[in-house]
Amino acid sequence: MNGVPRQAFDRATTILRGFTPRRIKGRFNGPRVFANSVPKSGTNLLTECLFQFPMLRPCFKHVSMNQNRIPSTEEFSKKIAKTGRGQYTTGHVFYSRENAEILKRNDIISLLIVRDPRDIVTSHYHYVTDKNPSHRLHDYYNALDDDETRLMASIQGVSGEQSEDGKPLESIGEWMDRFLGWTEPEYTHLVRFEDLIGPQGGGDKESQLETVRSIADHLEVSLSEEELYHVADNTFSTGSSTFRKGLIGDWENSFGPEHVAAFKDQADDWLIELGYEDDSDWGVK
8 MNGVPRQAFD
18 RATTILRGFT
28 PRRIKGRFNG
38 PRVFANSVPK
48 SGTNLLTECL
58 FQFPMLRPCF
68 KHVSMNQNRI
78 PSTEEFSKKI
88 AKTGRGQYTT
98 GHVFYSRENA
108 EILKRNDIIS
118 LLIVRDPRDI
128 VTSHYHYVTD
138 KNPSHRLHDY
148 YNALDDDETR
158 LMASIQGVSG
168 EQSEDGKPLE
178 SIGEWMDRFL
188 GWTEPEYTHL
198 VRFEDLIGPQ
208 GGGDKESQLE
218 TVRSIADHLE
228 VSLSEEELYH
238 VADNTFSTGS
248 STFRKGLIGD
258 WENSFGPEHV
268 AAFKDQADDW
278 LIELGYEDDS
288 DWGVK
């Protein structure tokens, strides 16, 4: 079973799963949740985590923004308002005061998953080159000389003159700037990919359990010890079509000195801000 039939089967199974006693109760008193993510930072990891919560079910809505298409606040408001009690909606949504107010107005609790930005660009160039032939930059990336050049494109961005559709790709620094206004505790709960992934992806169990606990606390839901371990044990999945490795620190297998220099020029401040480095004195080991 693959393709559309598989997707239809999975969706039907998920809908039926929403009628367990805890999820039925969640329809009346469960939280409304928006699972936001920087692209390639662990969208599926966070979604799978929420899928395991005994009172939550997916809304089957995804809101995506990029520098070439930013939905109006009215469009975002209409989509996010469809999130019901005990449901979660996913998205890649830039921070703005208007977007934050929309979530507040709709009584929606927000999560944002982030990842080491060096791993984000590593994942991005592999995704565009190998995993998504329909991506608008797929042909451009495959026409580049080698993976080193492709990685550099994901770090520094691609100009509209270079891309076939005339639309630019922002640098990793510009990309992070658009999302990380959400890191203020007032607006959302920050989840680090590295803390949630657990031992199957190179993390550790205690950090994973603590992160699941923190998500439950933020959503104001209670988990028994058995439920806590169930969520953690089933969060890591390789089933997504966009999954490649999902490992911590994979950037070290791809970065050369020129990539380190380019990255420091683009997004070094965010590495320090998010706690991935203490200072700018880092490089390839």
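Residues in the sequence shown are numbered consecutively from 8, following my numbering.
Here a beta-carbon is modelled for each residue, glycine too, at the ideal position from N, C-alpha and C.
query, result
"Pairwise C-alpha distance: aspartate 126 and asparagine 260", "10 angstroms"
"Cβ distance (whole Å) where leucine 57 is taken to contact tyrosine 95 below 8 angstroms", "5 angstroms"
"Coil, strand or helix - phenylalanine 101 by DSSP", "coil"
"Coarse secondary structure for alanine 88, derived from DSSP in three states", "coil"
"Spatial distance of lysine 86 from glycine 98 (CA atoms)", "11 angstroms"
"Candidates Ser48, Ile31, Pro46, Met62: closest to tyrosine 40 by CA position", "In the sequence under discussion, the amino acid at residue 40 is valine, which differs from the tyrosine named in the question. Nearest C-alpha to valine 40: Met62."
"Glutamate 108 versus proline 264 - alpha carbon distance", "42 angstroms"
"Under 9 angstroms between C-beta atoms of isoleucine 279 and phenylalanine 243", "no"
"Secondary structure of asparagine 113, DSSP reduced to three states", "coil"
"Threonine 80 in three-state terms, based on DSSP", "helix"
"Straight-line Cα distance separating arginine 122 from phenylalanine 35", "33 angstroms"
"Simplified DSSP assignment, three categories, for lysine 68", "strand"
"Beta-bridge partners of isoleucine 120, as assigned by DSSP", "Ser44, Val198"
"Straight-line gap, threonine 190 to serine 44 (C-alpha atoms, nearest Å)", "11 angstroms"
"Buried versus exposed, by CB contacts within 10 Å (16 or more), serine 48", "buried"
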